[in-house]
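Scroll down for the structure; my scribbles are underneath it.
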């Protein structure tokens, strides 16, 4: 019963890997992609925030997408990247991902809205749909849902 | 007439005048006979009226005009100052202020025509004004100034009889023309134009003389060509002239038309115009200043189309751009805050760059590859950045006076409204604070002062009962303390009744009875700052302190400051506001805890001590040390910040002694790095930053270090 969006427009997404899963992020939110660097821990902050980094003179908070999604903690490797996101009217924020795979163009047609059947409720906040690229399924992230801290644990 | 370029000056100056009026009125209320004060008021009112008229703000002008009339009656000794008059004048000031606000926000005066007030003022003037008073009723039209009556009369009279009387006032008659000037004039006359000599007198009270002159010139250029002016246009623009300036003017228009044009410019006292003939001009051009007595000359010259005198020297035209008024005494510069912010950011960048250089030099030092010259350069750079920072900060600093000056009036009003006698004493108004803080501190202080007036000071009877003087005292003191500015609002009123506060809190369910019993007085007083507490206070008969205090606290904390309350029942209370001197760059001590680096603002550090573990004592199972007569609680920063200390348990402790007001605390750190100038960066709101972290900074190596907020940790 997935509702199909009749809109034929397409958007570009950055596809990132988190374990075996692929996630797509609307390219308009991406400000920059930087290599892993020293992160200064902020005591008593949310569990999934690793701390803050210096990006060209600005102090930017960095969150672990893995911890945010309740996955096991990051193992930093040479592919680990920090995506700097700049949502409109919000300050910049970084998210740590295992690796960045590619830039992908998806028709709005090929994205299905997530149904409550195949996703647990709290994950629903983070996703805005599931895109199909050949055999692969790419979960499209709802960035505002990810960075905003609504359901404070 | 485009006056928009003067709007900013107008707004600023009007504010200043209104402030002067308000201050002087307060003095006048106490010393109704003070001639200096009356004169000062009169001057301010007069300038205000003139400026409003210039800018075309009719209501404002009308209102100030009427107020000025009242002042004038007072000045001439025809009226005695009484409470009624002062109240009325204060009302007038309030109205003027709201008109000004409307001009600032809406760009016009708003709908209020102030007729009610004007009528009241008129009533005061007419009521028992001595019949001989020449002042008010004679000139009801807005726009025309009212000078000393005699001078006005003379001026108008002479203006009427331009040609005949007062030829020495027609300064243009003593012109000496240069060859090309006389040539141009003669040519123009030959071509059928009229040549006029014009002398314009501006009012003595005129503030923007150059601007007025510019407007006159502009008007004249619409009507014809200015062949010569004295003083030169450049001097006129620079305001290098007395009250008059003269021109030789070529035009096809009639004298009346020109005169009308000139007189339409406000604040022009009068102008003299006469037609010049060729001979006079030619005579004068040979160098003999001629006193010619010709009156209006024949106008039989045909009015044919002629190209306007091409011979007009270019430099005689007023440059349209350079018209801003230049007051003779320039004491202050108004700077756009945005420009300062930009400058500030640049300085921040510079400091970061400098820090980078410093850490680079430290790292390379071991390699011995650096010459002494390199270090010299760094020291030099350091000196520059520090100086630059200081001077930029100074530009941003504004004395508290600009906030404090509205309070005497406010307390006066409170005193009247509440029917309690009280006096406000202000000290330290010259203390300076960052502009951004100044802008925000007004409301919280207003709140605290009202609070003192309303709830602190008791009624006269009650004060008598406790043997206090009938007149209550509220004092507002400001002073600098290290890197903080302290503002104290204190009163000698009833103080805070801690028991009542506790009861109220129990009633409201904020604390339980058991909690309340063990609560210290200080903790109980802190309850007043709870948001939920304030609403409860409004309906209670309790001393009432607490209404909106939570808002005060939030506002001050937003500025990086804090509020402390001291109160003694029946003796009074004081609210102590502590604010950071600057917001952007501070000196700090860098320390390490475990593997992490933290910055502690230097301003709050007293000393650094090396304490053997055996010196730690326990009071109520918390660690304290005894140091030079004071007992100082220890704060294990590694525990507070969830860090594993790198130090052995039995090592001596490195303790940084910090202070918040007169409270001390000892921060236990692992190691000291040194003093560093740091640029404060805010941390975005996504991440829950604990209160003890006041911000972050970027170190020379590009890493981020967090800044500890001493005020929350102590």
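Residue numbers (this note's numbering), protein chains in the order written: chain A, 109 to 261; chain B, 53 to 766.
Yeah, the Cβ is synthetic: ideal placement off N, Cα and C, and Gly gets one too.
Everything numeric in this text was worked out from a predicted model, so none of it was measured.
Anticipated Cβ contact below 8 Å, residue 628 (chain B) with residue 655 (chain B), distance rounded: Against the second chain, residue 628 (chain B) aligns to sequence position 576. Against the second chain, residue 655 (chain B) aligns to sequence position 603. Actually they do not touch by this definition, with Cβ atoms about 17 Å apart.
From B:403, B:448, B:449, B:453, residue whose alpha carbon lies closest to that of residue 431 (chain B): Translated into positions along the second chain, residue 431 (chain B) becomes position 379. Among B:403, B:448, B:449, B:453, the Cα nearest to that of residue 431 (chain B) belongs to B:403.
As assigned by DSSP and simplified to three states, the class of residue 170 (chain A): As a working note, residue 170 (chain A) is residue 62 in the first chain. DSSP places residue 170 (chain A) in the strand class (E or B) of the three-state scheme.
The stretch 138-155 of chain B touching the stretch 95-114 of chain B, judged by at least three CB pairs closer than 8 Å: Below 8 Å, enough C-beta pairs join the stretch 138-155 of chain B and the stretch 95-114 of chain B to call them touching: three or more.
Among B:566, B:557, B:561, B:565, nearest to residue 577 (chain B) - alpha-carbon criterion: Taking the second chain and counting its residues from 1, the one referred to as residue 577 (chain B) is at position 525. Ranking the options by Cα distance to residue 577 (chain B), first place goes to B:557.
Residue 91 (chain A) to residue 194 (chain A) span [Cα, whole Å]: Nothing can be reported for residue 91 (chain A): it is not among the residues displayed for chain A, which extend from 109 to 261.
For residue 329 (chain B), the three-state DSSP class (helix, strand or coil): Here residue 329 (chain B) corresponds to residue number 277 of the second chain, with the count starting at 1. Coil, per DSSP.
Residues in the stretch 143-159 of chain A having any Cβ partner in chain B nearer than 7 Å: With the criterion set as a beta carbon lying under 7 Å from some beta carbon of chain B, the members of the stretch 143-159 of chain A are 146, 148, 149, 150, 151, 152, 153, 154, 157, in sequence order.
Stretch pair the stretch 641-649 of chain B + the stretch 556-570 of chain B: three plus CB contacts closer than 8 Å: No, they do not touch.
contact_flag[the stretch 253-266 of chain B, the stretch 315-329 of chain B] where n(CB pairs < 8 Å) is 3 or more: Flag = yes, the stretch 253-266 of chain B and the stretch 315-329 of chain B touch.
Proximal residues of chain B, C-beta to C-beta of residue 216 (chain A) below 7 Å: Looking up residue 216 (chain A) in the first chain gives position 108. The contacting residues do not exist; residue 216 (chain A) stays about 28 Å from chain B at best.
Close Cβ partners of residue 145 (chain B) (< 7 Å) along its chain, the five nearest in sequence each way excluded: On the second chain, residue 145 (chain B) is found 93 positions in, with the first residue counted as 1. Within the same chain, residue 145 (chain B) has close Cβ partners 70, 73, 74.
Nearest-angstrom Cα separation, counted from residue 147 (chain A) out to residue 182 (chain A): Position 74 of the first chain, counted from the first residue, corresponds to residue 182 (chain A). Position 39 of the first chain, counted from the first residue, corresponds to residue 147 (chain A). Looking at the two C-alpha atoms, the distance is approximately 13 Å.
Inter-residue spacing [alpha-carbon to alpha-carbon] between residue 414 (chain B) and residue 563 (chain B): Against the second chain, residue 414 (chain B) aligns to sequence position 362. Against the second chain, residue 563 (chain B) aligns to sequence position 511. The straight-line gap separating the alpha-carbon atoms of residue 414 (chain B) and residue 563 (chain B) is approximately 55 Å.
Cβ contact (3+ pairs, closer than 8 Å) linking the stretch 649-667 of chain B and the stretch 605-617 of chain B: Segments in contact, no.
Residue from B:226, B:241, B:707, B:260 with nearest C-alpha to residue 61 (chain B): As a first step, residue 61 (chain B) is located in the second chain; it is residue number 9 there, counting from the start. Residue B:260 is the option with its Cα nearest to residue 61 (chain B).
Chain B within 8 Å of residue 140 (chain A), Cβ atoms only: Locating residue 140 (chain A) in the first chain gives position 32, counting from the first residue. Closer than 8 Å: no.
Residue 552 (chain B): first and last residue of the uninterrupted alpha helix (DSSP H) it sits in: Here the question's residue 552 (chain B) lines up with position 500 in the second chain. Unbroken alpha helix (DSSP H) run through residue 552 (chain B): 550-559.
Helix, strand or coil at residue 477 (chain B) [DSSP, three-state]: Taking the first residue of the second chain as 1, we reach residue 477 (chain B) at position 425. Residue 477 (chain B): strand per DSSP, three-state reduction.
For residue 746 (chain B), the three-state DSSP class (helix, strand or coil): Taking the second chain and counting its residues from 1, one reaches residue 746 (chain B) at position 694. Strand.
Min CB distance residue 115 (chain A) to chain B below 8 Å: Taking the first chain and counting its residues from 1, the one referred to as residue 115 (chain A) is at position 7. The predicted model places residue 115 (chain A) with a pLDDT of 49, which falls under 50 and marks its position as unreliable; any figure quoted below should be read in that light. Under the Cβ criterion of 8 Å, residue 115 (chain A) is not counted among the residues facing chain B.
Simplified DSSP state of residue 255 (chain A), which is helix, strand or coil: Working through the first chain from its first residue, we reach residue 255 (chain A) at position 147. Collapsing the DSSP output to three states places residue 255 (chain A) in a helix.
Whole-angstrom distance between residue 58 (chain B) and residue 279 (chain B), CA atom to CA atom: In the second chain, the residue the question calls residue 279 (chain B) occupies position 227. In the second chain, the residue the question calls residue 58 (chain B) occupies position 6. Looking at the backbone, the Cα of residue 279 (chain B) and that of residue 58 (chain B) are separated by about 28 Å.
Short CB-CB distance (under 8 Å) between residue 758 (chain B) and chain A: To locate residue 758 (chain B), count along the second chain from 1; it is residue 706. It does: the Cβ of residue 758 (chain B) has a partner Cβ on chain A nearer than 8 Å.
Start and end residues, beta strand (DSSP E) containing residue 728 (chain B): Taking the second chain and counting its residues from 1, the one referred to as residue 728 (chain B) is at position 676. In the DSSP assignment, residue 728 (chain B) falls within the beta strand (DSSP E) that extends over 723-731.
Boundaries (first-last residue) of the beta strand (DSSP E) holding residue 642 (chain B): Here the question's residue 642 (chain B) lines up with position 590 in the second chain. If you look at residue 642 (chain B), you'll find it in the beta strand (DSSP E) that goes 637-645.
For residue 137 (chain A) and residue 251 (chain A), believed in contact at Cβ under 8 Å, the rounded distance: Numbered from its first residue, the first chain carries residue 251 (chain A) at position 143. Numbered from its first residue, the first chain carries residue 137 (chain A) at position 29. About 5 Å separates the beta carbon of residue 251 (chain A) from that of residue 137 (chain A), a gap short enough to meet the 8 Å contact definition.
Neighbouring residues, chain A, relative to residue 648 (chain B) (Cβ below 7 Å): Taking the second chain and counting its residues from 1, one reaches residue 648 (chain B) at position 596. Neighbours of residue 648 (chain B) on chain A, chain order: 149.
Of the residues A:189, A:134, A:178, the one placed nearest residue 154 (chain A), counting alpha carbons only: Taking the first chain and counting its residues from 1, the one referred to as residue 154 (chain A) is at position 46. Considering only alpha carbons, the answer is A:178.
Rounded C-alpha distance that separates residue 83 (chain B) from residue 530 (chain B): As a position in the second chain, residue 83 (chain B) is number 31, starting the count at 1. As a position in the second chain, residue 530 (chain B) is number 478, starting the count at 1. Answer to the nearest angstrom: the Cα atoms are 27 Å apart.
Within chain A, partners of residue 750 (chain B) - CB distance below 8 Å: Working through the second chain from its first residue, we reach residue 750 (chain B) at position 698. Correct list: 162, 165, 167.
Proximity winner among B:147, B:620, B:612, relative to residue 745 (chain B) (alpha-carbon distances): Numbered from 1 along the second chain, position 693 holds the residue referred to as residue 745 (chain B). When only C-alpha atoms are compared, the closest one is B:612.
Same chain, Cβ closer than 6 Å to residue 166 (chain B), neighbours up to 5 away in sequence not counted: Mapped onto the second chain, residue 166 (chain B) falls at position 114. Cβ contact annotation for residue 166 (chain B) (same chain, cutoff 6 Å, sequence separation greater than five): 111, 115, 147, in chain order.
Near-chain B residues of the stretch 171-186 of chain A - C-beta to any C-beta below 7 Å: Contact residues of the stretch 171-186 of chain A toward chain B are absent (C-beta to C-beta distance below 7 Å).
Contained alpha helix (DSSP H) runs [length at least 4] in the stretch 82-148 of chain B, N- to C-terminal order: For the stretch 82-148 of chain B, whole alpha helix (DSSP H) runs of length 4 or above, ordered along the chain, are 87-107, 110-127.
Which of helix, strand or coil DSSP assigns to residue 215 (chain B): Translated into the one-based positions of the second chain, residue 215 (chain B) becomes position 163. Residue placement at residue 215 (chain B) is poorly supported in this model, since its pLDDT is 40, which falls under 50; the coordinates still yield a value, given next. Residue state, collapsed to three classes: coil.
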